[in-house]
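Working notes, beginning with the structure itself.
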Amino acid sequence: KICLFALYFQSSPLLVTAEPDGTLRGAARFFEAAFPPEVPPAARALGWRGFIAWKWRPSWPDAFEALSGGGRPAVPPILLEIVLARERDEVRRFVERVADDFAFTSLVPAHFDAPVAADARAWRDAFQTFCTPRSTPAPPGPYPDADLAFLREFERQLVASGAIRPRA
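In case it helps, mature numbering (1 follows the signal peptide of the UniProt record, and there is no 0) puts the sequence shown at residues -18 to -1, 1 to 150.
Next up, the structure:
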């Protein structure tokens, strides 16, 4: 669950108990829902008095399985959707240079079990979205669209506000 939250912020199995709507009444609903009375006192004592702003749907193990992809190397969804998509050509050049210049047999990922057995092909596969020519439609990514929906909407809002530029 921590991996799903950290890499998607809000994946499809995550249900925000009461979405804030920008109003005072909406904020009150959010905080009432975020401090449910059924939280055991011991959990409340751990901090934030039992703050739980979301619930997990029963499908969360399936979402985690899709995220972990059987242990294959993968680029985290937030990097794919928000950061690297702006520099597609530079990412492709970087991926190719690493694959061509280094004879590696494993990678050490930043957030998961390590090391992961991987060669240049596995490295390229992790970045496949960036390694296809622009004239060719990018292959579908490794993550379900439902799990990327929040990040895509977040990106849209960042672009609309001028905080980040549109994808290249």
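In this text, a Cβ means the ideal position worked out from N, Cα and C, and glycines have one as well.
- Relative to the Cα of residue 138, the nearest Cα in the group 65, 109, 77, 38 belongs to 65.
- Excluding its 5 nearest sequence neighbours in each direction, residue 128 has C-beta neighbours in its own chain below 6 angstroms: -7, listed in chain order.
- Fully contained in the stretch 34 to 62 are the following alpha helix (DSSP H) runs of length 4 or more, in chain order: 42 to 50.
- The residue from 100, 11, -2, 134 with its alpha-carbon nearest to that of residue 56 is 100.
- Excluding the 5 residues flanking it on each side, residue 75 has no same chain C-beta neighbour closer than 7 angstroms.
- Excluding the 5 residues flanking it on each side, residue 12 has same chain C-beta neighbours closer than 6 angstroms at -1, 2, in chain order.
- By the C-beta density criterion, residue 58 is buried, having at least 16 other C-beta atoms within 10 angstroms.
- Taken through DSSP and simplified to helix, strand or coil, residue 88 comes out as strand.
- Burial is judged here by how many other beta carbons sit within 10 angstroms of a residue's own beta carbon; residue 72 has fewer than 16 and is exposed.
- In the same chain as residue 47, and ignoring 5 residues on each side of it, no C-beta atom comes closer than 6 angstroms to its own.
- When DSSP states are grouped into helix, strand and coil, residue 65 belongs to the helix group.
- Taken through DSSP and simplified to helix, strand or coil, residue -5 comes out as strand.
- Under the DSSP assignment, residue 137 falls in the alpha helix (DSSP H) whose first and last residues are 127 to 143.
- Assignment of residue 21 by DSSP, reduced to helix, strand and coil, places it in the coil class.
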